[in-house]
Amino acid sequence: MRQLLFLLPLSTFILLAAYFGLGLTKDPGLIPSALIGKPAPTFDLPSLMPGEEGITERDFKGKISIVNVFASWCVPCLAEHPIWMQIHNKTSIPIYGVAWKDKRESAIHWLEKHGNPYIRIGYDPLNVFGIEWGVYGAPETYIVDKKGRIRFKHVGPIFPRLWQSQIFPLVEKIQAEK
Numbered sequence: 001m002r003q004l005l006f007l008l009p010l011s012t013f014i015l016l017a018a019y020f021g022l023g024l025t026k027d028p029g030l031i032p033s034a035l036i037g038k039p040a041p042t043f044d045l046p047s048l049m050p051g052e053e054g055i056t057e058r059d060f061k062g063k064i065s066i067v068n069v070f071a072s073w074c075v076p077c078l079a080e081h082p083i084w085m086q087i088h089n090k091t092s093i094p095i096y097g098v099a100w101k102d103k104r105e106s107a108i109h110w111l112e113k114h115g116n117p118y119i120r121i122g123y124d125p126l127n128v129f130g131i132e133w134g135v136y137g138a139p140e141t142y143i144v145d146k147k148g149r150i151r152f153k154h155v156g157p158i159f160p161r162l163w164q165s166q167i168f169p170l171v172e173k174i175q176a177e178k
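Residue numbers for the sequence shown follow our numbering, so the first one is 1 and each next one is one higher.
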């Protein structure tokens with residue numbers, strides 16, 4: 001009986017350690033999304049930039065698009081920003097920005113200071129887009145295919161290795177689809 005009392009907590013500890021240990025091997029940026037493979041939720045955001053056109057889900061039809069959710073207060077957004085500038089300068093893939101839960105003036109100043117890789121930028125200070133698209137936090141990146149379906153979601157910053165190993169190959173695969 002004493003042996004059983006010793007083994008029960010020990011086996012519970014081992015099971016919990018194994019369970020949490022496996023969790024550490026998973027990529028935290030690949031949070032499952034119910035939107036993968038489904039049409040992009042409808043939205044209509046005004047432009048961040050006064051006098052410019054906003055964005056809607058209709059803008060994504062007929063071409064592969066990248067949607068990047070960012071904010072001027074977001075430190076990881078600043079860390080990933082150089083890769084978006086490189087992608088903008090080296091590819092023809094349209095990148096749409098969504099300034100999320102930010103002050104208009106702060107986001108505009110941030111883009112003036114660090115560069116603007118976006119073809120257009122929607123302004124979402126009240127998280128309307130964020131709720132529809134299931135945004136956890138900034139930065140987040142989505143790949144939308146030619147039919148307007150979300151094919152990929154990444155939570156967290158994009159760095160060159162992730163772009164080269166996962167995102168760009170997916171974009172090429174989608175481009176090859178009819």
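Virtual Cβ for every residue (Gly too), placed ideally from N, Cα, C.
- Here Ile36 carries a coil assignment [DSSP, helix/strand/coil].
- Arg104: member of the alpha helix (DSSP H) spanning Arg104 to His114, first to last residue.
- Judged by DSSP in its simplified three-state form, Val135 adopts coil rather than helix or strand.
- The C-alpha of Gly54 is placed about 15 Å away from the C-alpha of Asn116.
- The beta carbon of Ala107 sits closer than 6 Å to those of Leu48, Ser72 and Ala99, all from its chain and outside the five residues before and after it, given in chain order.
- Per the C-alpha coordinates, the member of Glu80, Glu140 and Lys147 positioned closest to His114 is Glu80.
- For the set Pro125, Asp44 and Val135, the Cα lying nearest the Cα of Ala34 is the one of Val135.
- Counting only the Cα atoms, Asn89 lies some 30 Å from Glu132.
- Bounds of any beta strand (DSSP E) do not take in Phe159, whose DSSP letter is neither H nor E.
- In the DSSP annotation of this structure, Ile167 is not part of any beta strand (DSSP E), being labelled neither H nor E.
- In the structure shown, the three-state DSSP call for Asn68 is strand.
- According to the DSSP assignment, Glu140 belongs to the beta strand (DSSP E) that extends over Glu140 to Val144.
- Annotated as proximal: Pro39 and Gly148, with beta-carbon spacing under 7 Å.
- Residue environment for Ala176: exposed (fewer than 16 other C-beta atoms within 10 angstroms of its C-beta).
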